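Quick note on the working numbering: the sequence shown kicks off at 1 and runs consecutively.
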Amino acid sequence: MKSSLPPSPLSVRLLGVAVALSAVAAAAPAEAVRATAAPTVSEQDVMPHLSALQRIADRNGGNRAHGTRGYTDSVAYVRNALDRAGFRTQLHRFEHDGRAGYNLIADWPGGDPNHVLLTGAHLDSVEQGPGINDNGSGSAAVLTTALQVANARLKPARHLRFAWWGAEEAGLFGSAGYVKDLSAGDRKAIDLYLNFDQAGSRNTQQWLVVEDGPGADAAAGRAFDSWFAARGLATFDIGVGGSDNESFGNAGIPSSGFSTGISDCIHEACDDLANVDPATETTSTNALIGVLWQLSATRP
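Here it is, written out as structure tokens:
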């Protein structure tokens, strides 16, 4: 029976609180989705980094090889972008062939330091060319991803670390030196390493996903496979080896990542900006962003 008495002030206040709490509860799931949804980038977000690396090579004898000004200028370009975005950056020094080399390490504040998700690519080229696909393309994809983390002010469950390796072309010396210099505790804290080498090859028919072999991470490999499959893109599973994954796999650190395969101009002067397919490079970058967002949200 409907009461004819007006509601008491207390009941009005309680009703207002209940309505407000209901509104917060209803809005929370949508806000969580918005906060964790991976962004999508365009060619305009990625390709300018490759253009910058091409210009660096052009003014430094046509390459960005270990021990050259072209390489140190490449490191400075990436580091400057990361510093402006709010990363904590540092250089890890190593020696190879009588010359100092440097890995660039960038940490995003926050996340569990005992559960690190490390993403990397080698930044050096061979002496014969500018190395824009091998491996400016992987370096640009990792840099674009890191900048998207900063743009989103991402609050990951895992601690996010990004790396650009030196002297990969000479034999994985940069990444191997980094792993060797890690303390036992720091090595144990790395849950997973994701590597990207040649992300923009022309005429790509399938993405080569690291999913088996010593030190591989099957769950991460499946995440990449699923991302590409959802978009009708083919993948082929490969083992750890041939790039910086090997340095981590040899140390028992799980790894994954992918490549678009060897390009026509590998290790030649023609590995320039024209050797990269912008659409493939952008797809690779979005795959990295999508899977990193997924993997960073949970801890093992």
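Beta carbons are placed, not taken as given, at the ideal position from N, Cα and C, and that holds for glycine.
From a predicted model like this one, the values you see are computed outputs, not experimental measurements.
Residue pairing from DSSP places Gly-120 in a beta bridge opposite Ala-163 and Asn-195. Boundaries of the beta strand (DSSP E) harbouring Thr-235: 235-239, taken from the DSSP string. For Ala-189, the closest alpha carbon among the candidates Trp-227, Leu-118 and Phe-162 is that of Leu-118.
Beta-bridge partners assigned by DSSP to Trp-293: none are found. Contact holds between the stretch 149-158 and the stretch 112-130, because three or more Cβ pairs, one in each stretch, are under 8 Å apart. Annotation: Phe-196 to Glu-168 spans about 12 Å, alpha carbon to alpha carbon. Bridge pairing for Asn-103: His-92 [DSSP]. With a threshold of 16 other beta carbon atoms within 10 Å, Glu-95 falls short and is exposed. In the pairwise beta carbon analysis, the stretch 237-245 is classified as touching the stretch 202-214: at least three pairs are separated by under 8 Å. Taking the Cα of Ala-146 as reference, the smallest distance to any Cα among Gly-242, Ile-253, Ser-255 and Asp-45 is reached at Asp-45.
With contact defined as three or more Cβ pairs closer than 8 Å, the stretch 121-129 and the stretch 60-73 are in contact.
Leaving aside the five residues that flank Ala-81 on each side, the residues in its chain whose CB is nearer than 7 Å to its CB run, in chain order, Leu-143 and Leu-147.
Shown here, Ile-190 sits in a strand according to DSSP, grouped into three states. Ranked by Cα distance from Gln-294, the options Cys-270, Ala-223, Gln-205 and Arg-231 are led by Ala-223. The DSSP-derived three-state label of Ser-125 is strand. Of Leu-172, Trp-227, Asp-271 and Gly-61, the smallest CA-CA separation from Thr-40 is found for Trp-227.
Between the alpha carbons of Phe-173 and Gly-166 lies a gap of roughly 7 Å.
Beta bridge pairing from DSSP links Val-46 with no other residue. Of Asn-133, Gly-249, Val-209 and Ala-176, the smallest CA-CA separation from Leu-233 is found for Val-209. Rounded to whole angstroms, Asn-203 and Pro-48 show a C-alpha spacing of 21 Å. In the structure shown, Ala-65 adopts extended strand secondary structure according to DSSP, grouped into three states.
The Cβ atoms of Gln-54 and Ile-132 sit closer than 8 Å to each other.
In the DSSP assignment, Phe-258 falls within the unbroken beta strand (DSSP E) covering 255-259. The three-state reading of DSSP puts Arg-84 in helix, counting H, G and I together. Membership of Asp-212 in the beta strand (DSSP E) is indicated by the continuous run 207-212. Excluding the 5 residues flanking it on each side, Ala-152 has same chain C-beta neighbours closer than 7 Å at Pro-39, in chain order. Annotated as proximal: Leu-192 and Ser-256, with beta-carbon spacing under 8 Å.
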